[in-house]
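Here our numbering = 1-based position in the sequence shown + 23. C-beta atoms are modelled at their ideal positions from N, C-alpha and C, and glycine is treated no differently.
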Amino acid sequence: MKSIRSVYRIGHGPSSSHTVGPFRAALEFGRRHPDADGFRVTLFGSLAATGEGHGTGKSIRSGLPGAEIVFRRDVPETELPHPNTLLFEALKGGSVIAANRVFSIGGGSVRFEGEEDDEDREVYPQKSFNDFLTVCRTQNISLNDLMDHCEGPGLRDYLREIWGAMQAAVQRGLQAEGTLPGGLNLARKAKILFETRCYNESADVTMNRVIAAYAYAVSEENADEGLVVTAPTCGSCGVLPAVMYYMQHDRGFPEKEILDALAVGALVGNVIRTNASISGAECGCQAEIGSACSMTAAALASLYGLNNEQIEYAAEIAMEHNLGLTCDPVGGLVQIPCIERNAVAAMRAISSVNLSRFLYSTRKISLDDVIETMYRTGKDMSEKYRETSHGGLARIYHANSCPQTL
Ligand code: SF4
24 MKSIRSVYRI
34 GHGPSSSHTV
44 GPFRAALEFG
54 RRHPDADGFR
64 VTLFGSLAAT
74 GEGHGTGKSI
84 RSGLPGAEIV
94 FRRDVPETEL
104 PHPNTLLFEA
114 LKGGSVIAAN
124 RVFSIGGGSV
134 RFEGEEDDED
144 REVYPQKSFN
154 DFLTVCRTQN
164 ISLNDLMDHC
174 EGPGLRDYLR
184 EIWGAMQAAV
194 QRGLQAEGTL
204 PGGLNLARKA
214 KILFETRCYN
224 ESADVTMNRV
234 IAAYAYAVSE
244 ENADEGLVVT
254 APTCGSCGVL
264 PAVMYYMQHD
274 RGFPEKEILD
284 ALAVGALVGN
294 VIRTNASISG
304 AECGCQAEIG
314 SACSMTAAAL
324 ASLYGLNNEQ
334 IEYAAEIAME
344 HNLGLTCDPV
354 GGLVQIPCIE
364 RNAVAAMRAI
374 SSVNLSRFLY
384 STRKISLDDV
394 IETMYRTGKD
404 MSEKYRETSH
414 GGLARIYHAN
424 SCPQTL
């Protein structure tokens, strides 16, 4: 399995597969063709369906200034090698001098057709989560010991940089006010949620409100094309930072323990990415928010010092109860249902850890089984529910059907 370092990537929102991935592909294609005097980039599949709302053209043009962007919505997904396909063409004197099909495979990763993907080298002989648990059990080491051994020096510096970017996104999001771009007229809510205390608010309600505010803060930054960290994607980038930020800043857990927890969360995300998918275009929102929820549950269980079986069970519960979750972003924007969904997933991750504390010894379903189930469910899911905005809320939503009072 490859390094956990590509699970968390710093980049601009609102969508890792629609902005971060295409931007990285554009940079690379431009680097390969310095002689070209122009570029044309054609978007297919989910990129063509929701790329406008997700700002794909703008991201590509930041990597390839002046590139012509073509949306091909007439090609059925069954004729594409991947739901997120791009065709890059380098032009000179009006003629095409080079072309590459590129696939944006989720979380900001890309693969040029016929080449290996752009990930780091293989660093783990293990592939499933059970493989990791077995090594830890037989060698009597922790998951963090194993990751430090396989990843080598620099892992802690990487995690510290990532954690800095996650915290900065929470802090910026809590300060920001106004309306998100894109035409849905959706007000930012993180600041209000953070500052508005209910009458007679209990400690539990305060915790949920504050964590939700942190999740909104990051997700609203993402929707506003701000700098966020994929965890494992941009659309689901608010879940893990919200819970970890609360644990450090409101509950006093030291940064060193937060970094260890982030590593465990990344390991779960890496297993999902390796054996299934983290792409909404490939497997629906269960692959994005379900994965984020599972990673967060594992990270939190690790932070609480629970054993590896409890960590696995927390991650399994968190994924299992997101199975079947569709991707149906209204207007092709990463706002409704995405922002609220990040907050709900953060709370669900906490509930999953609470259950895992008590029931782990009676569990029947492994994390690996539920990951495979998620993947198969995603493959069975209609294209309408895989980041095309052709079904679900994206079809039913009518502006002004519910007055906004904020
Ligand atoms: S519905 Fe889920 S998968 Fe789809 S764009 Fe929103 S967060 Fe991403």
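Using a Cβ distance threshold of 8 Å, determine whether the segment 199-209 contacts the segment 304-312, with at least three qualifying pairs required.
Counting Cβ pairs under 8 Å, fewer than three are found: no touch.
Helix or strand or just coil, what does DSSP make of residue 35?
Of the three classes helix, strand and coil, the one that applies to residue 35 here is strand, per DSSP.
So within the segment 106-163, which uninterrupted beta strand (DSSP E) runs reach at least 3 residues, ignoring any that extend past its ends?
If we require 3 residues or more, the beta strand (DSSP E) runs fully inside the segment 106-163 come out as 108-115, 118-129, 132-135.
For residue 285, which option in 297, 298, 271 has the closest C-alpha, if you only look at C-alpha atoms?
Residue 285 has its Cα closest to that of 271, out of 297, 298, 271.
Do the CB positions of residue 40 and residue 123 come within less than 8 Å of each other?
Contact flag unset, no.
How many whole angstroms separate the CB atoms of residue 295 and residue 394, which I take to be in contact at a CB cut-off of 8 Å?
About 5 Å separates the two Cβ atoms, so the contact holds.
Let's see if you can read the secondary structure: which residues bound the alpha helix (DSSP H) around residue 42?
Here residue 42 belongs to no alpha helix (DSSP H), and DSSP marks it neither H nor E.
Indicate, with yes or no, if the ligand SF4 has a heavy atom lying under 7 Å from the CB of residue 38.
Under cutoff, so the answer is yes.
Report buried or exposed for residue 140, applying the criterion of at least 16 other Cβ atoms within 10 angstroms of its Cβ.
Exposed is the call here.
What are the partner residues of residue 61, as DSSP defines its beta bridges?
DSSP, once it has assigned bridges, lists 114 as partnering residue 61.
How big is the Cα-Cα spacing for residue 153 and residue 290?
For residue 153 and residue 290, the distance between alpha carbons rounds to 12 Å.
Hey, could you find the ends of the beta strand (DSSP E) residue 91 is sitting in?
That run of the beta strand (DSSP E) goes 91-94.
Would you mind sorting residue 21 into buried or exposed? The rule is 16 or more other CB atoms within 10 Å of its CB.
Residue 21 is absent from the structure shown; the chain starts at 24 and stops at 429.
Going by C-alpha distance, which of 134, 353, 243 is nearest residue 202?
Closest by alpha carbon: 243.
Compute the minimum distance between the beta carbon of residue 204 and the heavy atoms of the ligand SF4, and state whether it is under 7 Å.
Residue 204 Cβ: outside cutoff for every heavy atom of the ligand SF4.
At 4 residues or longer, and completely inside the segment 61-87: list those alpha helix (DSSP H) runs for me, N to C.
Runs found: 68-77, 79-86.
Would the C-beta of residue 6 count as close to the ligand SF4, meaning under 7 Å from any of its heavy atoms?
Outside the shown range of the chain, which is 24 to 429, sits residue 6, and nothing can be said about it.
For residue 343, collect the residues of the same chain with a Cβ closer than 6 Å to its Cβ; drop the 5 residues on either side in sequence, then sort them by chain order.
The residues are 393.
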